[in-house]
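S.K.: Those sequence lines, one after another, are chains G and U.
Mapped onto the numbering used here, the consecutive letters of the first sequence carry residue numbers 1 to 622.
Mapped onto the numbering used here, the consecutive letters of the second sequence carry residue numbers 1001 to 1187.
For each residue, glycine too, the CB sits at the ideal point set by N, CA and C.
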Amino acid sequence: MNTRKVLLGNEAIARGLIESGCDVITAYPGTPSSEILPAAAAFADELGTKTVVEWGANEKVALEVALGATFAGKRACAVMKQVGLNVAMDPFMSAAHFQLEGGMIVIVSDDPGCHASQDDQDSRGLALFAKVPCFDPASAEEAKSMVASAFELSEKHKVMVMLRPAVRIDHCRQDVQLGEVRHASAPADFKTRPAGHKVVMPARIMPFLEAHNARFEAIRQEFETGFGQYNFEIPAKRPATLGVIAGGVSFSIVKDLLEALGRDDVAILKIGTPVPLPEKLAEDFLARHERVLVLEETFPVIENQLLDRTRVMGRWNGWVPKQGELVPEVVESVLLKALGEEPPSDPALERLAAARERLGLSVKKPVLCAGCGHRPSYFAIRKALPDSIIASDIGCYSLSIQQQAVDTIVCMGASITVASGLACAWRSEGAAPRRPIFATLGDSTFFHNGMTGLATAVYNRHPFVLAIMDNRITAMTGGQDHPGTGDKPRQNETGVAVGLEEAVRGCGVSYLKVLEPYEVEANLETIREAWAYAKEHQEPAVLVFRHPCVTMLKARPEKRPVTVVAEKCIGCRFCQDRFGCPGLAWDGENRKARIDERFCVDCGVCVSACPHGAIVRIGEVL
Amino acid sequence: MQFIIVGIGGQGILFASRVLGHVALSKGLHVNGSEVHGMSQRGGSVISHFKIGSYASPLVRAKEADILLAFEQGEGLRNFHFLKKGGTALVNTDRPEAFSDPDLVAFLRAREVRLYPVEGTRLLREKMGGRFLFLNALILGALAASGASGFEAVDLKKAVAELAPARFREENLKAFELGFEALPERS
Ligand SMILES: Cc1ncc(C[n+]2csc(CCOP(=O)(O)OP(=O)(O)O)c2C)c(N)n1
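(1) Assuming isoleucine 437 of chain G and cysteine 549 of chain G are in contact, meaning their beta carbons sit under 8 Å apart, how far apart are those beta carbons, in whole angstroms?
(2) Using a beta-carbon distance below 8 Å, is cysteine 575 of chain G in contact with chain U?
(3) Could you tell me which uninterrupted beta strand (DSSP E) segments, each at least 3 residues in length, are contained entirely in the segment 425-460 of chain G, listed from first to last along the chain?
(4) Using only the heavy atoms of ligand 3, determine whether one of them is closer than 7 Å to the beta carbon of aspartate 443 of chain G.
(5) Run through DSSP, which three-state label would methionine 162 of chain G get?
(6) Any chance the CB of histidine 171 of chain G is under 7 Å from a heavy atom of ligand 1?
(7) Can you determine whether any heavy atom of ligand 1 sits closer than 7 Å to the C-beta of asparagine 471 of chain G, and answer yes or no?
(8) Just to confirm, is the Cβ distance from glycine 247 of chain G to proline 274 of chain G under 8 Å?
(9) First and last residue of the alpha helix (DSSP H) that includes glycine 506 of chain G?
(10) Please list the terminal residues of the continuous alpha helix (DSSP H) segment that includes leucine 1029 of chain U.
(11) Taking buried to mean at least 16 other C-beta atoms within 10 Å of its own C-beta, is glycine 243 of chain G buried or exposed?
(12) Taking only the alpha-carbon atoms, compute the straight-line gap between proline 582 of chain G and proline 366 of chain G and give it to the nearest angstrom.
(13) In the segment 1089-1116 of chain U, which residues sit with their C-beta less than 7 Å from some C-beta in chain G, listed in chain order?
(14) Among the residues of its own chain, which have a CB less than 7 Å from the CB of alanine 690 of chain G, if the five just before and after it don't count?
(15) Just the chain G side, please: which residues come within less than 7 Å of serine 948 of chain U by C-beta, in chain order?
(16) Using DSSP bridges, identify the partner residues of tryptophan 586 of chain G.
(17) Can you give me the C-alpha to C-alpha distance between aspartate 111 of chain G and alanine 166 of chain G, rounded to a whole angstrom?
(18) Ligand 1 heavy atoms versus the CB of glutamine 118 of chain G: any closer than 7 Å?
(19) Run the CB neighbour count on glycine 1120 of chain U, radius 10 Å, all protein chains shown included, and call it buried at 16 or more, exposed below.
(20) Taking buried to mean at least 16 other C-beta atoms within 10 Å of its own C-beta, is isoleucine 570 of chain G buried or exposed?
(21) Would you be able to state if there are at least three C-beta pairs under 8 Å between the segment 26-33 of chain G and the segment 460-480 of chain G?
(22) Would the beta-carbon of proline 1117 of chain U fall within 8 Å of that of valine 1154 of chain U?
(23) Counting only C-beta atoms, is leucine 361 of chain G closer than 8 Å to chain U at any point?
(24) Is there at least one non-hydrogen atom of ligand 1 closer than 7 Å to the beta-carbon of glycine 30 of chain G?
(25) Got a sec: does ligand 1 put a non-hydrogen atom nearer than 7 Å to the Cβ of glycine 1129 of chain U?
(26) Could you check the C-alpha separation between asparagine 460 of chain G and glutamate 539 of chain G for me, to the nearest Å?
(27) Taking 7 Å as the cut-off, is the CB of glycine 113 of chain G close to at least one heavy atom of ligand 1?
(28) Suppose the cutoff is 6 Å on Cβ atoms and the five residues either side in sequence are ignored; what does the same chain contact list for cysteine 22 of chain G look like?
(29) Inspect the CB distances between the segment 279-290 of chain G and the segment 1095-1104 of chain U and report whether three or more fall short of 8 Å.
(30) Buried or exposed: where does asparagine 10 of chain G fall if 16 or more other Cβ atoms within 10 Å of its Cβ makes it buried?
(31) In the DSSP output, what is arginine 4 of chain G paired with across the bridge?
(32) Taking 8 Å as the threshold (C-beta atoms), are leucine 1183 of chain U and alanine 1142 of chain U in contact?
(33) Alanine 1166 of chain U: buried (16+ other C-beta within 10 angstroms of its C-beta) or exposed?
(34) Which same chain residues, not among the five before or five after lysine 1085 of chain U, have their C-beta less than 7 Å away from its C-beta?
(35) CA-CA distance, glutamine 1011 of chain U and arginine 215 of chain G?
(36) Who are the near neighbours of isoleucine 409 of chain G in its chain, counting only those whose CB is closer than 7 Å to its CB and skipping five residues on each side?
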């Protein structure tokens, strides 16, 4: 087969997994990695493979399931976003030390510039920390080919390997060569001996460490010479005034930039295997260039492995910004500075800036969709108990910060544990909480890391209300299934839906009610009742706000069209600041709210959002 | 050929680069682009970069874009700096008076930008019962009429037909036609 197809970078990676005969693929969604698993399932369906493709409840679960499969000699892969690796760090460290029977790769997608993440970590740094070899692709095609190389390296050295695509590779769209399935693992077989290979215990781990270090150095030697397709030099066409060492998409950007600028006096050393760094390759390049600029995202991982940085321009000496994405404009300005040149002046840009200023243009922040059940849920909590502290979590509902209804966000699952900590703060004074305490999180987040916190809260008698925003899907990351939905990625395969209420009750909760978020007025009393119960009984009370996701599940609301009665709207902006629906726009000229027909889905819920009764159902207008 | 495509999450801007990629691939050309997935898709500003030809990087550098497609006027104006000298801007317009801002006029003149305002939202309201989801096909129709992409209108239209979900094919083609007809004279 010799066909090219335009694929998303994540689809190219998924295709690489299936062509490499990966037997078990697991993941927990997270931008920018989320599309890899569903695409792998689609290719597996299309090519008729038996590949197991599964979501785990969280990244630790996903990585451990993949690891278990390698113990029986199968090829396995776990996929996650960068902060997902924090959750999976424990098994990641253990797995790093094993002599694996089957090939294993961990795909960790980084998000330089924090487009959709709570932080900007460079997973190559964690690969270095664990002494796990890492591939860093510069294009979709390369990412696909690195999947195959990573499995080969993994099996040759019996080591777990990391593939680290950054967001611009995950979410690029390129034409890619498609191939056939080229590998078949041996039949599954668990070798009981030698037993030590799959057991981490104090007495057994010491000999592992020596072997692990030796293996890391052996792989470094291979990277020096054996991976010329990923590590290579593009020499200058005349004596070079500058050398650039670059990896990942930064390489692609600087390559295009030099071509566009018509520069033939800059040499590039591309590094596709930054961990462990092929040191000799880099030292040799350094020796031949007076000055060398290092471009990589986002931490100085290549840079810090260079033994002598005196002639290196990088992050250590301020030539390259320490945070933010290295977009082409940034690379251009860093490069010109390194060459000692000024960027060309552009007076037209100043006129454009002036026009923008006058026209008042700003970046539009994301908002909850029109008709979303999260919005009225938070609105009702704030309305029922205006003084409440709302410890929130990571999911679409974090956007409710625009409704002034989110007080804390830490990491997945931390809504519950932070609420516990707040309750403990007052308990440490021998007092009951002086403000109502709420924890709010989504259904996927509850299964990810919420249940352990809830069991802890029940056990320790922490008084707060846990509101589970159950939209029956993992929405923020694009609509993935999770244990609560029961659906699975491969066609004709269904799992078992784990009941949310059963899980909550199983954690020992005695107060549990399920609410329809659209019924704002009716819910106010229940919200107050739940808090009174929590306080009186000294235990968490749970409310499930259940409304299927309007966008991902296409759960179009029953039509209840509304209008804003202009005479009644006093222009207080309460509906804008506390409800904030894209369907309910602000008419700045007339200082009144109005329905924006482009976005309104006629759910009618905003009737509850106006304290002055200016939003009314059509048909009820007098 | 380098494109910048901007709008707000939910307007379906990714469809435009899929159509362009489909046509390019059928002509044996390489493509490379960058999309926004995740949080910003929830109604926030979104930007797609799309390049046809032998490019290593998926991103378009400021002052390099041949064509800017703006699904929303404000987003378009915010991203005019991507346009190269002599570039083309196609903007879904709801407040045409903004284009007479003196500084904006000076910028467009200095950059020699060919600007095509298209009242897509109004057309969809009047001619397609307010089904604003078809804005992407309408913009592609306008792009076809401008001739700026270097692709034939028939090829673009065929790609829209092939990539649109079957049950919306007719509506997509109608919106494409609306966009094609709507293109004003060069301004
Ligand atoms: C450790 C970790 N893994 C993954 C993510 C990516 N992520 C952000 S929100 C979210 C899940 C949201 O699902 P849910 O709680 O059901 O809320 P919804 O978006 O559906 O409202 C995920 C997986 C993350 N931020 N952190």
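M.R.: To lay it out plainly:
(1) Actually they do not touch by this definition, with Cβ atoms about 27 Å apart.
(2) no
(3) 437-442
(4) Ligand 3 is not among the ligands present in this structure, which contains only ligand 1.
(5) strand
(6) no
(7) yes
(8) yes
(9) 500-506
(10) Element bounds for leucine 1029 of chain U: n/a, residue is neither H nor E.
(11) Classification for glycine 243 of chain G: buried.
(12) C-alpha separation (whole angstroms): 10 Å.
(13) Ala1098, Asp1101, Asp1103, Leu1104, Ala1106, Phe1107, Ala1110 and Arg1111
(14) As displayed, chain G neither begins before 1 nor continues past 622, which places residue 690 of chain G out of reach and without an answer.
(15) With chain U running from 1001 to 1187 in the structure shown, residue 948 of chain U is simply not present.
(16) G:Ala593
(17) Distance between the alpha carbons of aspartate 111 of chain G and alanine 166 of chain G: 6 Å.
(18) yes
(19) buried
(20) exposed
(21) yes
(22) no
(23) yes
(24) yes
(25) no
(26) 8 Å
(27) Outside the cutoff, so no.
(28) Arg75 and Cys77
(29) no
(30) buried
(31) G:Gln177
(32) yes
(33) exposed
(34) Arg1111 and Glu1112
(35) 51 Å
(36) Excluding residues up to 5 positions away in sequence, Ser392, Asp393, Ile394 and Ser398 lie with their Cβ nearer than 7 Å to the Cβ of isoleucine 409 of chain G in the same chain.
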